[in-house]
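Read the structure below first, then the notes.
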Ligand code: PLP
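Residue numbers (our numbering): 6 to 395.
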């Protein structure tokens with residue numbers, strides 16, 4: 006089956022009592038058992054029967070199984086947000102005294118998780134240029150526990166060589182982990198690229214309508230100790246499991262993700278090309294443009310469509326703010342891959358709480374606008390961009 010079919014046709018783990026065609030929302034915390042032995046088996050994990058909805062819920066399980074079916078994962082774990090999935094992932098890979106190799110170009114909260122939150126628990130972040138495998142290898146020592154990358158960095162749109170990083174990680178016996186929120190896992194074969202785990206903010210492409218927060222860990226099963234820690238320690242002891250209502254909304258979103266992605270990515274490419282020819286636009290960041298420094302690498306790794314996020318630079322911060330204020334159709338809002346198009350000035354908003362020195366180190370420029378392209382007609386979007394620029 007192809008992905009558009011698989012996204013809709015994933016069998017339920019058990020036949021529904023009413024043969025509901027859509028997976029019902031099991032808004033329950035507790036479950037009843039026939040007898041004490043069946044109950045003990047469920048609580049000790051000897052059966053897959055749910056016992057308590059902080060750790061297992063049929064609506065969430067079905068969402069996880071659809072993602073496993075689509076991604077080829079051995080296990081999928083769903084969390085209440087992308088950050089909950091990322092923190093569970095990194096807490097599972099690391100322990101006190103270990104170090105994580107990653108990039109200076111990271112989503113803002115992931116950057117703070119690595120450099121501030123996890124530092125408090127004795128985990129060191131070694132941030133470098135992940136597009137330079139030699140620089141990465143130079144940082145590896147006996148305490149390195151993983152390499153963590155983002156498929157396309159936000160807002161720099163940088164793309165690292167995943168196979169080269171996988172070779173380093175596997176030579177030294179630790180996992181390669183990627184946040185692949187920017188390109189849906191249906192677009193590429195994460196396992197063949199050498200990824201051991203993907204983390205995804207399902208708030209974005211999967212939700213689509215920006216209806217609910219969520220995150221998943223896609224686990225190919227290469228590091229069983231880490232898998233066990235995710236499913237047991239993280240889900241049981243940290244909490245943060247996805248709610249059944251969010252799983253329901255996100256399962257609906259998943260059914261249409263592929264068609265939305267194709268439409269949004271095609272519109273993003275059209276807009277990136279038009280913006281490249283627009284007076285007043287100094288530069289456009291989009292891996293689908295042949296002029297992008299990692300265009301070829303992007304296409305080899307992630308396929309023909311380069312996602313629905315693009316950036317462009319104007320002459321000054323003041324010009325960016327005038328542009329944002331002048332928009333009439335495009336929304337002034339954060340989030341990515343909503344059905345509607347959204348514009349934001351990352352330096353003063355998402356990265357606003359950081360210092361200028363931190364923004365400089367992360368290459369977050371005062372002159373950059375980020376656009377998340379939605380499902381509207383690209384001609385209408387370009388007309389709004391033109392009038393706001395003028
Ligand atoms: N990873 C990336 C690349 C993101 O862009 C975001 C949010 O914008 C996240 C993770 C965090 O996801 P969430 O907001 O679902 O916690």
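Glycine included, every Cβ here is placed at the ideal spot set by N, Cα and C.
Computed from a predicted model, the values in this text were never measured in an experiment.
task = Measure the alpha-carbon distance for residue 225 versus residue 349 and round it to whole angstroms.
result = The residue you call residue 225 lines up with position 220 of the chain shown. The residue you call residue 349 lines up with position 344 of the chain shown. Rounded to whole angstroms, residue 225 to residue 349 spans 35 Å at the Cα level.
task = Using 7 Å as the cut-off, classify the Cβ of residue 112 as near or not near the heavy atoms of ligand 1, replying yes or no.
result = In the chain shown, counting from the first residue as 1, residue 112 sits at position 107. Residue 112: yes, Cβ under 7 Å from ligand 1.
Residues near residue 321 in its chain [Cβ-Cβ closer than 7 Å; skip 5 each side] = Residue 321 sits at position 316 when you count from the first residue of the chain shown. Answer for residue 321: 372, listed in chain order.
key: residue 109 CB to nearest heavy atom of ligand 1 below 7 Å   = Indexing the chain shown from 1 puts residue 109 at position 104. No, Cβ of residue 109 sits at least 7 Å from all heavy atoms of ligand 1.
message = Below 8 Å on the Cβ atoms is my contact criterion, and I expect residue 249 with residue 58 to pass it. Report the Cβ-Cβ distance as a whole number of Å.
response = Counting from one through the chain shown, the residue named residue 249 turns up at place 244. Counting from one through the chain shown, the residue named residue 58 turns up at place 53. Sure, about 7 Å apart at Cβ, within 8 Å.
request  = Kindly examine ligand 1 and report whether one of its heavy atoms sits closer than 7 Å to the Cβ of residue 260.
outcome  = Taking the first residue of the chain shown as 1, we reach residue 260 at position 255. Not under cutoff, so the answer is no.
Residue 1 and residue 281 closer than 8 Å at C-beta = The requested residue 1 is not part of the displayed model; the chain covers only 6 to 395.
Sequence-distant residues of its chain with Cβ nearer than 7 Å to residue 110 (five each side left out) = Here residue 110 refers to the residue found at position 105 when the chain shown is read from its first residue. So the list reads 158, 161, 163, 367, 368, once near-sequence residues are dropped.
task = Could you check what DSSP says for residue 367 in three-state terms: helix, strand or coil?
result = Start at 1 with the first residue of the chain shown, and residue 367 comes out as number 362. Coil.
request  = Assign residue 34 to buried or exposed, taking buried as 16 or more other Cβ atoms, counted over all protein chains shown, within 10 Å of its Cβ.
outcome  = The residue given as residue 34 occupies position 29 in the chain shown. By the neighbour-count rule (16 or more Cβ atoms within 10 Å), residue 34 is not buried but exposed.
query = What residues in its chain sit with their C-beta under 6 Å from that of residue 287, if we drop five residues either side in the sequence?
reply = For the purposes of this step, residue 287 is identified with residue 282 of the chain shown, where counting begins at 1. Closer than 6 Å at the Cβ level, and outside the excluded window around residue 287, lie 318.
ask   = What's the C-alpha gap between residue 247 and residue 83?
value = The sequence position of residue 247 within the chain shown is 242, counting from 1. The sequence position of residue 83 within the chain shown is 78, counting from 1. Looking at the two C-alpha atoms, the distance is approximately 6 Å.
task = Go to residue 124, then tell me how far its beta strand (DSSP E) extends in each direction, as first and last residue.
result = In the chain shown, counting from the first residue as 1, residue 124 sits at position 119. Neither: residue 124 is in no beta strand (DSSP E) and is coded neither H nor E.
inquiry  = I need the DSSP call for residue 253, collapsed to helix, strand or coil.
reply    = Position 248 of the chain shown holds residue 253. Residue 253: helix per DSSP, three-state reduction.
message = Is residue 312 a contact residue of ligand 1, with contact defined as CB to any heavy atom under 7 Å?
response = If you number the chain shown from 1, residue 312 lands on position 307. Because no heavy atom of ligand 1 lies under 7 Å away, the Cβ of residue 312 does not count as near it: no.
ask   = Is residue 177 helix, strand or coil when you go by DSSP?
value = By 1-based counting over the chain shown, the position of residue 177 is 172. Secondary structure of residue 177 (DSSP, three-state): helix.
request  = Determine, using beta carbons only, whether residue 69 and residue 60 come nearer to each other than 8 Å.
outcome  = Here residue 69 is taken as the residue at index 64 of the chain shown, counted from 1. Here residue 60 is taken as the residue at index 55 of the chain shown, counted from 1. No; because the gap between Cβ atoms is not below 8 Å, this pair is not in contact.
query = From residue 77 to residue 365, what does the alpha carbon distance come to, in whole angstroms?
reply = On the chain shown, residue 77 is found 72 positions in, with the first residue counted as 1. On the chain shown, residue 365 is found 360 positions in, with the first residue counted as 1. Going from the Cα of residue 77 to the Cα of residue 365 covers about 39 Å.
task = Tell whether a beta-carbon distance below 8 Å holds between residue 220 and residue 139.
result = Residue numbering aside, residue 220 sits at position 215 when the chain shown is read from its first letter. Residue numbering aside, residue 139 sits at position 134 when the chain shown is read from its first letter. The answer is no: Cβ separation not under 8 Å.
request  = Give a yes or no on whether the C-beta atoms belonging to residue 312 and residue 188 are separated by under 8 Å.
outcome  = Residue numbering aside, residue 312 sits at position 307 when the chain shown is read from its first letter. Residue numbering aside, residue 188 sits at position 183 when the chain shown is read from its first letter. Yes, the Cβ-Cβ distance between residue 312 and residue 188 is below 8 Å.
request  = Look at the alpha carbon of residue 28 and the alpha carbon of residue 64, and state the distance between them as a whole number of angstroms.
outcome  = In the chain shown, the residue the question calls residue 28 occupies position 23. In the chain shown, the residue the question calls residue 64 occupies position 59. Their backbone Cα atoms lie some 7 Å apart in a straight line.
task = Let me know the secondary structure DSSP gives residue 269 once reduced to three states.
result = Counted from its first residue, the chain shown places residue 269 at position 264. Three-state DSSP puts residue 269 in a helix.
query = residue 242 to residue 332, Cα distance in whole Å?
reply = Translated into positions along the chain shown, residue 242 becomes position 237. Translated into positions along the chain shown, residue 332 becomes position 327. Each residue's alpha carbon lies about 46 Å from the other.
message = Less than 8 Å between the C-beta atoms of residue 334 and residue 385, yes or no?
response = Residue mapping note: residue 334 aligns to position 329 of the chain shown, counting from 1. Residue mapping note: residue 385 aligns to position 380 of the chain shown, counting from 1. Yes, they are a contact pair.
inquiry  = Three or more C-beta pairs under 8 Å: does that hold for the segment 177-188 against the segment 202-216?
reply    = Contact between the segment 177-188 and the segment 202-216 is established, with three or more Cβ pairs separated by less than 8 Å.
request  = Verify the contact flag: residue 119, CB atom, against every heavy atom of ligand 1, threshold strictly below 7 Å.
outcome  = As a position in the chain shown, residue 119 is number 114, starting the count at 1. No - ligand 1 has no heavy atom lying nearer than 7 Å to the Cβ of residue 119.
query = What number of angstroms, rounded off, separates the C-alpha of residue 98 from the C-alpha of residue 25?
reply = Here residue 98 is taken as the residue at index 93 of the chain shown, counted from 1. Here residue 25 is taken as the residue at index 20 of the chain shown, counted from 1. Distance between the alpha carbons of residue 98 and residue 25: 39 Å.
task = Just mark residue 37 as buried or exposed, buried being the case when its beta carbon has 16 or more other beta carbons within 10 Å.
result = If you number the chain shown from 1, residue 37 lands on position 32. By the neighbour-count criterion, in which a residue is buried when 16 or more other Cβ atoms sit within 10 angstroms of its Cβ, residue 37 is exposed.
key: Cβ-based burial, residue 352 [other Cβ within 10 Å; buried from 16]   = The count along the chain shown starts at 1 and reaches residue 352 at position 347. With at least 16 other beta carbons inside 10 angstroms of its own, residue 352 counts as buried.
message = Using only the alpha-carbon positions, how far apart do residue 113 and residue 86 sit?
response = By 1-based counting over the chain shown, the position of residue 113 is 108. By 1-based counting over the chain shown, the position of residue 86 is 81. Going from the Cα of residue 113 to the Cα of residue 86 covers about 15 Å.
message = Are there any heavy atoms of ligand 1 lying less than 7 Å away from the beta-carbon of residue 373, as far as the coordinates show?
response = Residue mapping note: residue 373 aligns to position 368 of the chain shown, counting from 1. False, no ligand heavy atom lies under 7 Å from that Cβ.
task = Please list, in chain order, all residues of the same chain as residue 66 whose beta carbon is under 7 Å from its beta carbon, the five residues on each side excluded.
result = The residue given as residue 66 occupies position 61 in the chain shown. For residue 66, where only same-chain residues beyond five positions count, the Cβ hits under 7 Å are 18.
Residue 297 classed as buried or exposed, judged by whether at least 16 other C-beta atoms fall within 10 angstroms = The count along the chain shown starts at 1 and reaches residue 297 at position 292. It is buried - the Cβ of residue 297 has at least 16 other Cβ atoms within 10 Å.
task = Would you kindly report the start and end of the unbroken beta strand (DSSP E) that includes residue 205?
result = The residue labelled residue 205 in the question sits at position 200 within the chain shown. That run of the beta strand (DSSP E) goes 202-206.
task = Could you tell me the boundaries of the alpha helix (DSSP H) in which residue 85 lies?
result = The count along the chain shown starts at 1 and reaches residue 85 at position 80. That residue, residue 85, is in no alpha helix (DSSP H); it is neither H nor E in DSSP.
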